[in-house]
Each structure stands twice: as C-alpha cells, then as structure tokens.
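Engineer:
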Amino acid sequence: MKVTVVGAGNVGATCADVLAYREIANEVVLVDIKEGFAEGKALDIWQKAPINLYDTRTVGVTNDYSRTADSDVVVITSGLPRKPGMTRDDLISTNAGIVKSVTENIVKYSPNTIIIVVSNPLDVMTYAAHMTSKFPRNRVMGMAGILDTGRYRAFLAEELNVSPKDIQAVLMGGHGDTMVPLPRYTTVGGIPVTELIAEDKLNAIIERTKSGGGELVKLMGTSAWYAPGAAAAQMVEAIVRDQRRVFPVCVKLEGEYGIDGVYLGVPVILGKNGIEKVIELQLNDEEKQLLETSRGHVKEVMDALDNMSAKA
63 MKVTVVGAGN
73 VGATCADVLA
83 YREIANEVVL
93 VDIKEGFAEG
103 KALDIWQKAP
113 INLYDTRTVG
123 VTNDYSRTAD
133 SDVVVITSGL
143 PRKPGMTRDD
153 LISTNAGIVK
163 SVTENIVKYS
173 PNTIIIVVSN
183 PLDVMTYAAH
193 MTSKFPRNRV
203 MGMAGILDTG
213 RYRAFLAEEL
223 NVSPKDIQAV
233 LMGGHGDTMV
243 PLPRYTTVGG
253 IPVTELIAED
263 KLNAIIERTK
273 SGGGELVKLM
283 GTSAWYAPGA
293 AAAQMVEAIV
303 RDQRRVFPVC
313 VKLEGEYGID
323 GVYLGVPVIL
333 GKNGIEKVIE
343 LQLNDEEKQL
353 LETSRGHVKE
363 VMDALDNMSA
373 KA
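Residue numbering for the sequence shown follows the numbering used here, starting at 63 and increasing by one per position.
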C-alpha cells in the first residue's frame, strides 16, 4: 500500500508520522513545494523507525508528482494556514488555486486513488478537488468531522473526568462555526450524555467545539496540527484496511437530508472504496434547521468560489 501526503507542513508531517508509526502503509510519500522540506521531514520520520520499531518507508520529494504514482490514498494538506483574525473563508481564493493544481497532478499519476482533503476552508476545498478530479463522490472527501468530534469528546471527557475512549459522538454540517453537534447521538459508555451533564454545561462545550480551531489559532498564532494530522491518518487507515468505520466525513450530498450538490459533513461508512455508504439520520426539526443554516453558509462560499473561477 502506498499513501501520499501533499504538504509537508505541520499537519501533513504529523499525518505522515502517524501513518508510518502505525504501519498503515508500506510507503508514505511526502510532497512539498519548498526545496528539501519534504525530504527532511521524511528522513526524520524514517530515522525514528528503528527507535519506535516500524517498517513503513517514508520518502520526501520537492514538487515531483511522478514519485506519487499509483498511490492508493492521497491526503491534501496544502495551503496557507489560518492566522489570527482570519476566517477560513478568507483563505478561499489562494487555497482553491493550490488544491486545484495539486489535484490535477495527483490525478495524472494516480487515476484510481482516493482523495482526502484537509485544506481550509474544508468543505469548499473538497468541492474544488471533486470538480477538478471528476472522480465519483465516494473517492473525494474532506476531513473535518473526526477532528471536530475529537475536540467535542475531549472537552466532554475533561468535564466529566472520564476516559475519552468511552465517548462516542456525531457532528454534522460545515467545518466551522455552523457545525451541528448532536447531543442526542452523544454517549458515554453507552449512556446518553444528557443524563450525565447539565444542559448549560453541555451547551458551553458545544460552543467551544464550534470555535475549537479558532481557540488554538489564538493560543499559537497558527492552525492546529496534531489532532488534524491524526484525524486524517485515521481516515486513511479505515480505507487502506477496509475497516468500514462509521465516521463523520465531508462529502457531496445527492439528495440525502433533502440537500443536493452541497458538500457537508455527515456520518458515512468508510472502507476500501472510500465512502461505502452515506448514513441518513432521522433529525428532529431543530437539528434540521441547524443543518440548513450550515448548508446555506457552505453554499455561499461555494458560490463565491464559482464566481472567482468565472472571472479568472
């Protein structure tokens, strides 16, 4: 198995490191435009193999997509990171151009690959990659829901003083302020979270989750990388090992939830073919309204990208 990670910055390098450490693929190729950058990161990860005892070979290349040929999965992390005061939507023009160029190169050398997009603004960059690749929707997806649920579960574990291993949760919608956490589908060791935590505290955790990325940007001056990188690697593992895991993933909806042609996070089954199935939950009226708000926000940014492309 061969996995390519495009972008050797913090997120990409973390993803490659997790993939190597967990021996998810035989070979991991890191690609970056900065001369020597990917080569150095890959070499560092490879030199850790005798220490942490793994066999995955990591290779770094500068803008040489021929080395990515026949990749089973490609993770795209390329793009500008978010800076303080910058929204994800501010990144749209520059990052869309980067994602389009990367996708063209990936498709050229790996026409049968599965693409996972991590670049922000996530939902719209997934749209850009899908339109550029012309792949079926099951082979182009965005990583957001695993990261968002990870933050949500971490905050809940902290509040309840329990292991995060026992917390299961579902979030839907766009990646950002309009995401839709679903307390009804959140459990702790199988117990509904609403039975274990007061409503006001739960609402506060939900709000913190929505701005989870922004909180880290304020603290560090740049976007997060450990959790996003690990989340992308978990998606790769589910595909490569055909685990059929149920994860919230950004995908183009084609009538599910009454939505067509918009890229939103929804629960799916993830396996060897990519998205094996989109799971359609029975949402109540309040949840439907929240999802509709999120849909409208993502559609606005998709339209903005379309307008930029038309003027180009």
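Note that the Cβ used here is the ideal one computed from N, Cα and C, for glycine as well.
Go through the segment 148-204 residue by residue and report every complete run of the beta strand (DSSP E) that reaches 3 residues or more, in order.
Structural biologist: Listed in chain order, the complete beta strand (DSSP E) runs (minimum 3 residues) inside the segment 148-204 are 176-179 and 202-204.
Engineer: With burial defined as no fewer than 16 other Cβ atoms inside 10 Å of the residue's Cβ, what is the status of Gln109: buried or exposed?
Structural biologist: Label assigned to Gln109: exposed.
Engineer: Between Phe217 and Thr271, how many whole angstroms is the CB-CB distance? I'm expecting something under 8 angstroms.
Structural biologist: Confirmed, about 6 angstroms.
Engineer: Considering Cα atoms alone, identify which of Arg84, Asp132 and Gly252 is closest to Leu115.
Structural biologist: Ranking the options by Cα distance to Leu115, first place goes to Arg84.
Engineer: Quick one: what's Glu220 bridged to in DSSP?
Structural biologist: Glu220 pairs with nothing; no bridge assigned.
Engineer: Between the segment 66-77 and the segment 90-109, are three or more C-beta pairs nearer than 8 angstroms?
Structural biologist: They touch, by the three-pair rule.
Engineer: List the whole-angstrom C-beta distance separating Leu184 from Ala206, where the pair is believed to meet the contact cut-off of C-beta under 8 angstroms.
Structural biologist: Yes, Leu184 and Ala206 are in contact; Cβ-Cβ is about 5 angstroms, under 8 angstroms.
Engineer: Could you check where the alpha helix (DSSP H) with Val91 kicks off and where it finishes?
Structural biologist: Unbroken run through Val91 is the beta strand (DSSP E), Glu89 to Asp94; no alpha helix (DSSP H).
Engineer: Which runs of the beta strand (DSSP E), 3 residues or longer, sit entirely within the segment 326-363?
Structural biologist: Taking only runs of at least 3 residues, the beta strand (DSSP E) segments lying wholly in the segment 326-363 are 336-340.
Engineer: Among Ile268, Glu101, Gly102 and Thr175, which has the Cα closest to the Cα of Lys64?
Structural biologist: The option with the nearest alpha carbon to Lys64 is Thr175.
Engineer: Grab me the residues of Val137's own chain with a C-beta within less than 6 angstroms of its C-beta, minus the 5 sequence neighbours each way, in chain order.
Structural biologist: These residues qualify, in order along the chain: Val67, Cys77, Ile178 and Ala294.
Engineer: Can you name, in chain order, every residue of its own chain whose Cβ lies under 8 angstroms from the Cβ of Tyr171, other than the five neighbours on each side?
Structural biologist: Result list for Tyr171: Tyr127, Ser128, Thr130, Ala131, Asp132 and Ser133, in chain order.
Engineer: How many angstroms separate the CA atom of Ile268 from the CA atom of Glu338?
Structural biologist: Cα to Cα, the separation comes out at about 29 angstroms.
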